[in-house]
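Colleague: The structure is given below, and queries will be raised subsequently.
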Amino acid sequence: MNAIVLAVAAMMLLVLIRVPVIMALIVATFIGGTAAGMNFADVVDAFEAGLGNGANIALSYAMLGAFAVALSRSGLTHLVASRIAGLVGAKSSASGNLYAAMVIYGAFLVTATLAETLVPVHIAFIPILVPPLLEVMDRLQLDRRAAACALTCGLIFAYMLLPVGFGAVYQTDILTKNINIAGEAHGFAVAASTVPLAMLIPALGMLVGLMFAVLISYRRPRAYKIREIGEIAGDEKPAHPPMSQKQITLSLLAIVIALITQLILGSMLIGGLVGFALLSLGGFFRWNEVDDVFVLGLRMMALIGFIMVTAQGFAAVMQATGEVPALVEGSAALIGDSKAMAAFVLLAVGLLITMGIGSSFSTVPVIALIYVPLCLEFGFSPLATVALIGTAGALGDAGSPASDSTLGPTAGLDADGQHDHIWDTVVPTFLHFNLPLLAAGWIAAMVL
Numbered sequence: 002m003n004a005i006v007l008a009v010a011a012m013m014l015l016v017l018i019r020v021p022v023i024m025a026l027i028v029a030t031f032i033g034g035t036a037a038g039m040n041f042a043d044v045v046d047a048f049e050a051g052l053g054n055g056a057n058i059a060l061s062y063a064m065l066g067a068f069a070v071a072l073s074r075s076g077l078t079h080l081v082a083s084r085i086a087g088l089v090g091a092k093s094s095a096s097g098n099l100y101a102a103m104v105i106y107g108a109f110l111v112t113a114t115l116a117e118t119l120v121p122v123h124i125a126f127i128p129i130l131v132p133p134l135l136e137v138m139d140r141l142q143l144d145r146r147a148a149a150c151a152l153t154c155g156l157i158f159a160y161m162l163l164p165v166g167f168g169a170v171y172q173t174d175i176l177t178k179n180i181n182i183a184g185e186a187h188g189f190a191v192a193a194s195t196v197p198l199a200m201l202i203p204a205l206g207m208l209v210g211l212m213f214a215v216l217i218s219y220r221r222p223r224a225y226k227i228r229e230i231g232e233i234a235g236d237e238k239p240a241h242p243p244m245s246q247k248q249i250t251l252s253l254l255a256i257v258i259a260l261i262t263q264l265i266l267g268s269m270l271i272g273g274l275v276g277f278a279l280l281s282l283g284g285f286f287r288w289n290e291v292d293d294v295f296v297l298g299l300r301m302m303a304l305i306g307f308i309m310v311t312a313q314g315f316a317a318v319m320q321a322t323g324e325v326p327a328l329v330e331g332s333a334a335l336i337g338d339s340k341a342m343a344a345f346v347l348l349a350v351g352l353l354i355t356m357g358i359g360s361s362f363s364t365v366p367v368i369a370l371i372y373v374p375l376c377l378e379f380g381f382s383p384l385a386t387v388a389l390i391g392t393a394g395a396l397g398d399a400g401s402p403a404s405d406s407t408l409g410p411t412a413g414l415d416a417d418g419q420h421d422h423i424w425d426t427v428v429p430t431f432l433h434f435n436l437p438l439l440a441a442g443w444i445a446a447m448v449l
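Position in the sequence shown (from 1) plus 1 gives the number in the working numbering.
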């Protein structure tokens with residue numbers, strides 16, 4: 002069995018039987034590395050070399066966690082929750098609850114889309130936006146699995162379809178560039194302007210999956226305990242005295258300055274640090290409480306950060322095995338002369354690779370060199386080739402335990418310790434997005 006297939010299968014099996022994600026990633030790393038013929042020392046070296054790639058994002062998330070907790074102590078998050086509760090009606094009828102759910106899930110979808118395009122902050126907004134809304138969602142008994150699907154859909158749908166922000170990076174710098182590099186020897190090239198058209202059908206497939214999740218799979222009420230951000234393991238529930246206009250202004254100013262800092266410097270870490278510092282100096286909590294607030298934020302994000310770091314080590318070993326070409330070649334042997342089967346196999350292989358690497362942006366450069374000649378051999382059009390490779394890269398971004406498109410939503414939805422990364426984010430997003438993407442990507446490849 003191919004080492005990457007074996008490693009991904011081992012990782013998924015382990016996490017599904019509730020082995021901690023970090024342990025599952027480490028065990029799967031050594032299973033895949035040794036299966037590929039790497040000795041133990043080489044696996045360790047590649048794994049440790051890859052760990053550093055995740056350190057920045059992990060530390061950035063820890064700082065954003067501290068900023069989120071500081072915002073909650075300022076009282077702004079409680080104020081926001083109260084206002085939204087009044088807007089949607091926390092004790093309304095079943096039809097009113099459906100309206101409230103659509104408002105909240107729609108806000109998550111739109112905000113995630115904006116975070117990938119017009120305001121390219123990626124997942125940095127989640128620890129700040131989502132935790133204040135948990136209390137409202139819990140009073141409405143909204144299923145957080147649907148919220149996870151809404152956030153993940155916005156994060157992936159946006160870069161697949163819209164050529165702005167991270168979408169421009171994926172479509173122009175990643176997808177078009179690597180397809181043209183692979184096709185140069187064959188006289189094959191595509192224009193970046195054709196990518197949105199090629200990715201339209203797969204993107205619509207994601208929206209279909211989201212509607213199914215929200216309206217069917219997770220429509221029933223789900224009970225949660227009403228907790229504050231960070232109120233885990235007996236933490237004291239902070240009081241929320243009424244905020245003055247000056248405090249509201251200072252809190253909003255801290256958010257805006259943190260966002261501007263991140264956009265200018267391109268650093269979530271510095272943006273979170275600036276926001277936390279402004280709230281600390283604003284007098285929202287006593288100076289001798291600053292350390293406690295900071296540590297609470299770090300604790301809230303600790304698991305997510307360590308998973309991100311470990312996932313980078315896992316991805317480094319998978320790339321070091323050199324098993325991707327063997328996986329594609331072995332799969333090609335099963336295709337025969339069937340164009341329909343070729344499209345399905347190429348998409349399925351992309352799903353496996355991205356599930357392991359955890360990033361569509363990192364998957365496309367790996368598969369494009371192999372996929373383009375195969376697409377030309379089977380007579381796929383330029384639009385179909387873009388759709389196949391673009392969808393194969395995006396497949397697995399949802400549903401991977403190691404993807405920031407699943408880790409980000411978990412970071413926000415688990416702020417009070419009531420959301421499981423695997424069963425409440427990974428499994429729901431895998432079922433509702435990867436399966437529709439497989440079908441929609443296949444349709445796009447056959448009709449374009």
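Built from N, CA and C at the ideal position, the CB exists for glycine as well.
1. In its own chain, which residues sit with a C-beta less than 8 Å from the C-beta of D144, not counting the 5 before and 5 after it?
2. From G53 to G306, what distance separates their C-alpha atoms?
3. Between the alpha carbons of A149 and E117, how many angstroms are there, rounded?
4. Is it the case that the Cβ atoms of M212 and M161 are separated by a distance below 9 Å?
5. So the alpha helix (DSSP H) K178 belongs to, where does it begin and stop?
6. CA-CA distance, A11 and V296?
7. Between the Cα of L99 and those of L130, L141 and P133, spot the shortest distance and give me the residue it belongs to.
8. Taking the alpha-carbon positions, what's the N289 to A312 distance?
9. Sort L198, A259 and E136 by Cα distance to I105 and report the nearest one.
10. Return the CA-CA distance between A416 and P132, expressed in angstroms with no decimal places.
11. Between the stretch 404-413 and the stretch 424-437, can you find at least three pairs of beta-carbon atoms closer than 8 Å?
12. Per DSSP, what kind of secondary structure is T118 in: helix, strand or coil?
13. Could you check where the alpha helix (DSSP H) with V165 kicks off and where it finishes?
14. List the endpoints of the continuous alpha helix (DSSP H) containing W443.
15. Compute the Euclidean distance between the alpha carbons of A412 and A186, then round it to the nearest angstrom.
16. Could you check whether C154 and L198 sit closer than 9 Å to each other, using their CB atoms as the reference points?
17. Let me check understanding here. Comparing Cα to Cα, which of L7, A344, G188 and L370 lies closest to I180?
18. Alpha carbons only, please: which of L352, F126, I175 and K247 is nearest the one belonging to V387?
19. Leaving out five residues on either side along the sequence, give the residues of the same chain with a beta carbon under 8 Å from the beta carbon of L205.
20. Considering G409, what are the terminal residues of the alpha helix (DSSP H) in which it resides?
Modeller: So, from the data block:
1. On the sequence shown, position 143 is the one that residue 144 refers to. Closer than 8 Å at the Cβ level, and outside the excluded window around D144, lie Y219, R220, R221, P222 and R223.
2. Reading the sequence shown from its first residue, position 52 is the one you call residue 53. Reading the sequence shown from its first residue, position 305 is the one you call residue 306. CA-CA distance, G53 to G306, rounds to 12 Å.
3. If you number the sequence shown from 1, residue 149 lands on position 148. If you number the sequence shown from 1, residue 117 lands on position 116. A149 and E117: Cα-Cα distance of roughly 16 Å.
4. The residue you call residue 212 lines up with position 211 of the sequence shown. The residue you call residue 161 lines up with position 160 of the sequence shown. No, they are not a contact pair.
5. In the sequence shown, the residue the question calls residue 178 occupies position 177. Here the alpha helix (DSSP H) through K178 covers K178 to G184.
6. As a first step, residue 11 must be located in the sequence shown, where it is residue number 10. As a first step, residue 296 must be located in the sequence shown, where it is residue number 295. Taking the straight line joining both Cα atoms gives about 34 Å.
7. Within the sequence shown, the letter at position 98 stands for residue 99. The residue with the shortest Cα to Cα distance from L99 is L141.
8. Working through the sequence shown from its first residue, we reach residue 289 at position 288. Working through the sequence shown from its first residue, we reach residue 312 at position 311. Just so you know, the alpha carbons of N289 and A312 end up roughly 36 Å apart.
9. The residue labelled residue 105 in the question sits at position 104 within the sequence shown. Looking at the Cα atoms, E136 is the closest of the given residues.
10. The count along the sequence shown starts at 1 and reaches residue 416 at position 415. The count along the sequence shown starts at 1 and reaches residue 132 at position 131. A straight line joining the alpha-carbon of A416 with that of P132 spans about 6 Å.
11. Contact holds between the stretch 424-437 and the stretch 404-413, because three or more Cβ pairs, one in each stretch, are under 8 Å apart.
12. For the purposes of this step, residue 118 is taken as residue 117 along the sequence shown, with counting starting at 1. Reduced to three states, the DSSP call for T118 is coil.
13. In the sequence shown, counting from the first residue as 1, residue 165 sits at position 164. Going by DSSP, V165 is part of no alpha helix (DSSP H) at all; its letter is neither H nor E.
14. Numbered from its first residue, the sequence shown carries residue 443 at position 442. Taken as a continuous stretch (DSSP letters only), the alpha helix (DSSP H) holding W443 covers L436 to V448.
15. Here residue 412 corresponds to residue number 411 of the sequence shown, with the count starting at 1. Here residue 186 corresponds to residue number 185 of the sequence shown, with the count starting at 1. Each residue's alpha carbon lies about 44 Å from the other.
16. Translated into the one-based positions of the sequence shown, residue 198 becomes position 197. Translated into the one-based positions of the sequence shown, residue 154 becomes position 153. It is not a contact, given that the beta carbons lie outside the stated cut-off.
17. For this step, residue 180 is matched to residue 179 along the sequence shown. Residue L370 holds the alpha-carbon nearest to the alpha-carbon of I180 among L7, A344, G188 and L370.
18. Position 386 of the sequence shown holds residue 387. Nearest to V387 by alpha-carbon distance, out of L352, F126, I175 and K247, is I175.
19. The residue given as residue 205 occupies position 204 in the sequence shown. If we look at L205 and ignore the five residues flanking it on each side, its Cβ neighbours are A441.
20. Here residue 409 refers to the residue found at position 408 of the sequence shown. Here the alpha helix (DSSP H) through G409 covers D405 to L414.
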